[in-house]
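Structure first, commentary second.
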Amino acid sequence: MNLPGRRSGGNAFDRLRGRPGRQPAFGIVGTPDPIEPPRTIDPVRYGLPPREDIRTDIDGPDPTGDAAVAAVRRGDWRSASEILAGSGADWERRTRLVGRLGAVAKRDDAWLTEWLASEPDDPAAHTVTANALAAIAWAIRTSAPGQNVSDEQWRGFFRVMRQAPEHCRRAAALAPSDPTPWIELLIIARGLQYEQDQFRTVWQEVRSRAPDHLGAHLFARIYWQPEWFGSTELHEAFIADATHGRPMGSLFTLVRLCSVHDGEPRSEAERPAYYREVALNLVIDEAAADLAAASPDHPYAATQRHMLAYLLTNAGRHTEAYAQFKAIGAYCGSSPWWSYADPLDSFVSTRSAAVMGWEDAGRPTLP
Amino acid sequence: MVPRGIATHRLSGWCLAASLRIGTGEWIGTLMRRVVHAAHVIVLLLGFYVLCVGLLAALVAADVLVTRQAAASAALDREVVIAYVLTAVVAYIAVRGIFVSIRVRDRNLRGIEVSERDEPALWRHVEFLAREVGTRPPKRIYLVADVNASVWDNAHLLGLIPGQRRMKLGLPLLAGLTPAQFDAAVSHELGHFGNRDLRFGALDHRAAANVASAMSAARGRRLEKAGLRRGLWIPGHNTVEAMFDLYGRHVLAVTQAARRRQEYAADRVAADIAGHANAASALRELRVIATALDFYLDKYATIGLERKLVPMPAELFGGFAAMLAEPERRKQLDDVRRNLVAEPPAVFASHPPMHERIAAIEALPPDGRPADTSGARAMAMLANPSAVMTAVGPKLLGSDAAGAQAVDWDTLVTAASAARAARRSDPLRLVLAGMYGTQVSLSGLLDAVDAGRLDEILEELPASDGASDAHMIGAVAREAAKTLMTPMVRGWALAELASQGRVRWRHTWADSSGVLAIDADLSASLSAALQAIVALRPDARAMRRVVYPAGVAA
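Heads up: the sequence lines are chains U and G, in that order.
Residue numbers are given in numbering that gives the first Met the number 0: position 72 of the first sequence equals residue 71, and the series is strictly consecutive.
Residue numbers are given in numbering that gives the first Met the number 0: position 357 of the second sequence equals residue 356, and the series is strictly consecutive.
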């Protein structure tokens, strides 16, 4: 659930030093043929859920998260608190739950205020508050490129974001073994433009508590991108370090996949060449094998699928892509779709492209 | 010659009339042309008087007619009154046009006269320049508050008989021009009188000045000032005004070319005496000084006027000179100087566009004389600058400053900045006034926050541009509104603290809003109190302690 893209206000490219938001990669949606109507498919005929059934808030089934969200929407923060406590030391699940609750607070945070007032020493309340503040801050800033963000929006972004670290520190003090407050701070650090050494300090706190936390690696990678506060070398070093020695099925190949997607050329014309590169396709192969080896209930299995579905379609590997879309089902709340102006639209059009590619190839057997 | 009206628009530069230099070779042909032209102008000038007298005569005739009719039938009383009023109005305007316009009065000079005894160095220098130019020096010198210099003589018989010559020098020029640039400005003015070979040149100027004054008199500024015209319809006024206007425009058009030639000739004189580089830079500097003075008046001298506070008399001009000397401002004026754009062409302006005059000077063959970059100012010539500045300074503000209290700069900037801080909170005050049904003080806001009504206030607060997007809902909209509200609360609190004398603003020439002088502890607790009000759980207690340490007075 908590993918980097989400934290950056729904767009992994909404850099402070600004690069315009990307448009969907496909001519089908972006530039319909003015004479011939664009080809479309009826998803149901291909065993795919129709557009209106697709959930945009999550990347795959998450009944526990749904229950927690439903509870706080009723104002029942106690149930949510119990559900969160139930995640125990499964830090990946805890991080995702925190993210889902924080997202609810953007619309209505009365329950959170009440929670914090009633349980001022509950680390979970502080962690969720930190996440909510970051979510609110990004919503004020919007995901527009930096140069299109107004002074007023910047002021609001920083004013709200600056309140978040205090809650992280409070939570960390109350629950010293819990990495989630530090992971929240990791995300907030990018928004608050932490210096590299400052960021490394936070990262050490995360690593010492949860060295195998994939979500934390996904967040931290963004900080090291040259467009944010790192450089090409630091970014590459981070990925190499993150993926080094990871067993198949750990899904750490996702770190590399995200960077491949981020490296996508802005110009649509240059994309086919980019996605047909052999090295890139080897990364895709490795990630697909990683996913095949992973447990189906790995918290990042769905994210890996979304990413693969997108990259495979663009690489012209429509049959494999179609298979991933079938496995994804009725969800699109994930990277890479969040990088685009209309996530649902880009999901559906990419899916159509995969299916039509599969048709054009003579309907080969799915892997 | 023309203290008001179009001929001495502040930016138009040095004005004034007189003669032209021409080569002896073209003497006869030029003379013929000049005579014909002069005759044309004289006819126009006489025509102006004829127009006025004719108008009056026609009205008097009408009056007589109406009065006779009225004697026959008693019902015409109203028409008689109207006719008399009409006659009186036209008579007033015409008489003003004929007589009033042609004299410069001391009271129209925004400055003081300085005698040879007052300012010997200035007098000697002006006399020296007059000798260089080859004309007689002025009999009187005035130092005025305008960005302008001019020379005029109250000539008689359409300028054919010279009268007493007078010169006015703008104090802003003395404060802003180098000695060499100042020489250029003065030489230009004297240059208008430099050649006696063709006095007819004065005619063009005189005719234009005369008519311009008549036009402005006809527009009835004096009447307006006396409150007579506001909302009061004077019959026939528009017609008279239109007639004067039409005639005046014709005269200006006929004389324009000659007047502009005179300006170019006077620029040549200035360039010969002060050097090309200084003459050109002096012209440029006029607009820079005018810009600086406008800025100074707007951002410094008049900031307290709403509260009837003005700078000390000595500081009014001293401040302008001090602002010009401030390094930050010097840099800004350098930018202004570099980015001077061509002024929009003014119809019938007495002077050619400044950039064309500068181009004409710069097109002269090089004279090898360097620009004066000494950094000295012509002001240094004054024997008693502080007395002069004290006397002329108040004229900068005019009648608006009547009855105002003179205070030091810090007091002035504190009053203005506190008012600005208070204004920043206007949208918030409006919301609270709506909530309480009456204007409230800052403590009213704090009460509302304590009562848990901040969300209500935030909802009512008008959103800033771009904040009205669909994603601004719930907590996001609330937090965005808090961000918007934060500087308003700060402004309100600062205004309150200023009224208690606990914060002040220190005047500085680098920043017209001054520098907030606030105790470090107070500053820190104010910031913390501000953050507490807009925190996730709003809390106004800290702000109450900061702003009302002794409790709120009822």
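Backbone N, C-alpha and C fix where the C-beta goes; we use that ideal spot for every residue, glycine too.
Expressed to the nearest angstrom, what Euclidean distance is found between the alpha-carbon atoms of residue i and residue j?
i	j	result
Leu381/G	Lys138/G	18 Å
Phe98/U	His212/U	A small correction: the amino acid at residue 98/U is Gly; Phe does not occupy that position in the sequence shown. Looking at the two C-alpha atoms, the distance is approximately 15 Å.
Thr364/U	Glu358/U	11 Å
Ala129/G	Trp122/G	10 Å
Pro364/G	Asn277/G	14 Å
Ser556/G	Glu455/G	Absent from the model: residue 556/G. The displayed extent of chain G is 0 to 553, so no value can be given.
Gly513/G	Asp409/G	8 Å
Ala279/G	Glu495/G	51 Å
Arg5/U	Met306/U	Any reading at Arg5/U must be qualified, since the residue scores a pLDDT of 33, below 50, and its modelled position is unreliable; no value is offered.
Gln323/U	Asp41/U	18 Å
Leu170/G	Arg77/G	54 Å
Asp243/U	Met355/U	The sequence given here has His at residue 243/U, not Asp. For His243/U and Met355/U, the distance between alpha carbons rounds to 37 Å.
Ala497/G	Glu459/G	28 Å
Ile288/G	Ile532/G	47 Å
His350/G	Arg356/G	9 Å
Val113/G	Ile140/G	6 Å
Ala479/G	Tyr295/G	37 Å
Val28/U	Ala523/G	Reliability of the predicted coordinates at Val28/U is poor, the pLDDT of 39 falling under 50, and the value obtained from them is presented with this limitation in mind. Their backbone Cα atoms lie some 54 Å apart in a straight line.
Leu50/G	Arg33/G	25 Å
Tyr83/G	Phe47/G	23 Å
Lys394/G	Arg109/G	6 Å
Gly611/G	Asp152/G	Chain G is shown from 0 up to 553; residue 611/G falls before or after that span and cannot be answered.
Arg275/U	Ala353/U	15 Å
Quick check on residue i - is its C-beta less than 8 Å from some C-beta in chain A?
i	result
Ile187/U	Any reference to chain A falls outside this structure, whose protein chains are U and G.
Let me know the secondary structure DSSP gives residue i once reduced to three states.
i	result
Lys307/G	coil
Met380/G	helix
Tyr435/G	helix
Asp52/U	helix
Ile140/G	strand
Trp504/G	strand
Met388/G	helix
Asp117/G	coil
Glu112/G	strand
Asp89/U	coil
Arg336/G	helix
Met166/G	strand
Ala516/G	strand
Ser345/U	helix
Asp399/G	helix
Gln404/G	strand
Thinking C-beta only, is residue j closer than 8 Å to residue i?
i	j	result
Leu43/G	Ala206/G	yes
Leu411/G	Leu529/G	no
Ala129/U	Pro178/U	no
Glu509/G	Glu314/G	According to the sequence shown, residue 509/G is Ala rather than Glu. Cβ distance not < 8 Å, so Ala509/G and Glu314/G don't count as in contact.
Ser424/G	Trp504/G	no
Arg336/G	Arg283/G	yes
Pro312/G	Gly392/G	yes
Val439/G	Ala432/G	yes
Leu371/U	Asp120/U	Only positions 0 to 366 of chain U appear in the structure, and residue 371/U is not among them; the question remains open.
Ile57/U	Gly332/U	yes
Glu285/U	Tyr273/U	no
Phe319/G	Leu292/G	yes
Leu94/U	Ile82/U	In the sequence as displayed, the identity of residue 94/U is Thr instead of Leu. Contact: no.
Leu525/G	Val545/G	yes
Leu250/U	Tyr299/U	yes
Ala519/G	Asp107/U	no
Val143/G	Leu168/G	yes
Arg54/U	Tyr330/U	yes
Measuring CB atoms only, is the region 474-488 of chain G touching the region 268-283 of chain G, in the sense that at least three cross pairs come out at less than 8 Å? no
Would you call the region 69-76 of chain U and the region 110-128 of chain U touching, i.e. three or more CB-CB distances under 8 Å? yes
May I ask you to verify whether the region 171-182 of chain G touches the region 363-379 of chain G, counting CB pairs closer than 8 Å and requiring at least 3? yes
For the region 293-309 of chain G against the region 393-412 of chain G, are there 3 or more C-beta pairs whose distance is under 8 Å? yes
Evaluate the contact criterion for the region 180-197 of chain U versus the region 131-149 of chain U: three or more CB pairs, one atom per stretch, below 8 Å. yes
Could you pull out every unbroken alpha helix (DSSP H) segment of at least 4 residues lying fully inside the region 220-299 of chain U, listed in chain order? 231-242, 252-261, 270-274 and 277-292
Ignoring anything shorter than 4 residues, give me the alpha helix (DSSP H) runs that lie fully in the region 134-209 of chain U, in order along the chain. 150-160, 163-173, 179-190 and 195-208
Can we say the region 347-361 of chain G touches the region 532-546 of chain G, given the rule of at least three CB pairs closer than 8 Å? no
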